[in-house]
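Engineer: Before anything else, here's the structure in question.
Residue numbers (my numbering): 275 to 573.
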């Protein structure tokens, strides 16, 4: 039996290259080795988006265009598996609020009076992972805290009721987080489009953004890391302009085939992928919830 891996990306209007390097590219390799479940995290996106569902199908297209194969992995939309929110509520009842308030993601936004969904975000994420009894979760170093609290949810339930859930391990993504072109001390974010490269950017947009990238020590280091991540040459450049030109060329070379393939994917392919993925995911989800409810006396 293959080790099971679970991960997802929130649907937004535009997906940036951090999602590609930090998730999608790695997933295309993992699908050849593990039993992979990759979802569209539309429920998670509700903490920041009013109507994230409108971007879900487009993100499925991006998954397929980037190289995810429905024959090798299961692709589905989070909200199409209602057992997920059911398990998340149960997890909410197994953890103190103080534990959730310590999560970095919540603390960073606590001064802005965030919605309750952000506070209970870890409960839903734990449900995403444990519902399918995942053994591993591919994340970057900055996201390890989320996997640790998921392990805690598993321990809490197993101790209080019965050992149903495995404690998933961190499967570290090889690429470190990307920094902004305009402010390399900050993480690349869609909220600052001038400092961010999107997977849908045209060759000219890519060239212009990289051309205007700041060349402070941190900025140059970020450009070199990006060049390496996109398979560029490991060499020293006499001029920043040359570095930027080589980097632009390398990124365009990688993204153009993905953009071209995305345009060729039909609505039927997308719909079939979503439907089959949800059916397969729900088979496991129903089995898990049956056992959970039996232990809680909810049947």
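Just so you know, even glycine gets a beta-carbon here, dropped at the ideal spot from N, CA and C. Bear in mind that the values here come from a model prediction, so they are computed numbers and not experimental data.
#1: Could you compute how far the alpha carbon of residue 549 sits from the alpha carbon of residue 403?
#2: In this structure, does DSSP put residue 229 in helix, strand or coil?
#3: For residue 595, count neighbouring C-beta atoms within 10 Å of its own C-beta (all shown protein chains included) and say buried if the count is 16 or more, exposed if not.
#4: Determine, using beta-carbon pairs with one atom in the segment 460-476 and one in the segment 506-523, whether at least three such pairs fall under 8 Å.
#5: Does the distance from the CB of residue 396 to the CB of residue 364 come in under 7 Å?
#6: Give me the residue from 527, 343, 288 with the minimum Cα distance to residue 478.
#7: If you draw a straight line from the C-alpha of residue 340 to the C-alpha of residue 293, how long is it?
#8: Count the other CB atoms within 10 Å of the CB of residue 482; is the residue buried (16 or more) or exposed (fewer)?
#9: Taking only runs of the alpha helix (DSSP H) that begin and end inside the segment 446-471, which ones reach a length of at least 4 residues, in chain order?
#10: Apply the 10 Å Cβ neighbour rule to residue 508 and answer buried if 16 or more other Cβ atoms are within range, or exposed otherwise.
#11: Excluding the five sequence neighbours on either side, which residues of its own chain have a C-beta within less than 8 Å of the C-beta of residue 278, listed in chain order?
#12: Where does residue 275 land, buried or exposed, given buried means 16+ other C-beta within 10 angstroms?
#13: How many Å lie between residue 356 and residue 553 at the Cα?
#14: Enumerate in chain order the residues of its own chain whose CB-to-CB distance from residue 573 is below 8 Å, with the five nearest sequence positions on each side excluded.
#15: CB residue 349 to CB residue 330, shorter than 7 Å?
#16: Can you list, in chain order, the residues of its chain whose CB lies under 8 Å from that of residue 459, leaving out five sequence neighbours each side?
#17: Helix, strand or coil: which one does DSSP assign to residue 324?
#18: Would you please state the rounded distance, in angstroms, between the beta carbons of residue 389 and residue 321? I believe it to be under 8 Å.
#19: At 3 residues or longer, and completely inside the segment 414-438: list those beta strand (DSSP E) runs for me, N to C.
#20: Is it buried or exposed, residue 336, if we count other Cβ atoms within 10 angstroms and call 16 or more buried?
#21: Would residue 559 be called buried (16 or more neighbouring beta carbons within 10 Å of its own) or exposed?
#22: For residue 457, tell me which candidate among 495, 546, 529 has the shortest Cα-Cα distance.
Structural biologist: Result, derived from the coordinates:
#1: As a working note, residue 549 is residue 275 in the chain shown. As a working note, residue 403 is residue 129 in the chain shown. The alpha-carbon atoms of residue 549 and residue 403 are separated by roughly 20 Å.
#2: The structure shown does not extend to residue 229, since the chain is modelled only from 275 through 573, so no value can be given for it.
#3: Any property of residue 595 remains undetermined from this structure, which presents the chain solely from 275 to 573.
#4: no
#5: Numbered from its first residue, the chain shown carries residue 396 at position 122. Numbered from its first residue, the chain shown carries residue 364 at position 90. Not a contact, by the Cβ cut-off of 7 Å.
#6: Translated into the one-based positions of the chain shown, residue 478 becomes position 204. Cα-wise, what sits closest to residue 478 is 527.
#7: As a working note, residue 340 is residue 66 in the chain shown. As a working note, residue 293 is residue 19 in the chain shown. In a straight line, the C-alpha of residue 340 is about 11 Å away from that of residue 293.
#8: In the chain shown, the residue the question calls residue 482 occupies position 208. By the 10 Å Cβ count, residue 482 comes out exposed.
#9: none
#10: Mapped onto the chain shown, residue 508 falls at position 234. The residue is exposed, with fewer than 16 neighbouring Cβ atoms inside 10 Å.
#11: One-based indexing of the chain shown puts residue 278 at position 4. Excluding sequence neighbours, residue 278 sits near 308, 309, 310, 311, 406, 407, 408, 409, 410.
#12: For this step, residue 275 is matched to residue 1 along the chain shown. Classification for residue 275: exposed.
#13: Within the chain shown, the letter at position 82 stands for residue 356. Within the chain shown, the letter at position 279 stands for residue 553. Each residue's alpha carbon lies about 12 Å from the other.
#14: What you label residue 573 is simply residue 299 of the chain shown in a count that begins at 1. Hits under 8 Å: 564, 567.
#15: To locate residue 349, count along the chain shown from 1; it is residue 75. To locate residue 330, count along the chain shown from 1; it is residue 56. Residue 349 is not a Cβ neighbour of residue 330, given a cutoff of 7 Å.
#16: Along the chain shown, read from residue 1 onward, the residue named residue 459 stands at position 185. The residues are 453, 492.
#17: For the purposes of this step, residue 324 is taken as the residue at position 50 of the chain shown. If DSSP states are grouped into helix, strand and coil, residue 324 belongs with coil.
#18: As a working mapping, residue 389 is identified with position 115 in the chain shown. As a working mapping, residue 321 is identified with position 47 in the chain shown. Between residue 321 and residue 389 the Cβ distance is about 6 Å, and since that is below 8 Å, they are a contact.
#19: none
#20: Indexing the chain shown from 1 puts residue 336 at position 62. Counting Cβ neighbours within 10 Å, residue 336 comes out buried, since at least 16 surround it.
#21: Here residue 559 is taken as the residue at index 285 of the chain shown, counted from 1. So residue 559 ends up on the buried side.
#22: The count along the chain shown starts at 1 and reaches residue 457 at position 183. Comparing Cα positions, the closest option is 495.
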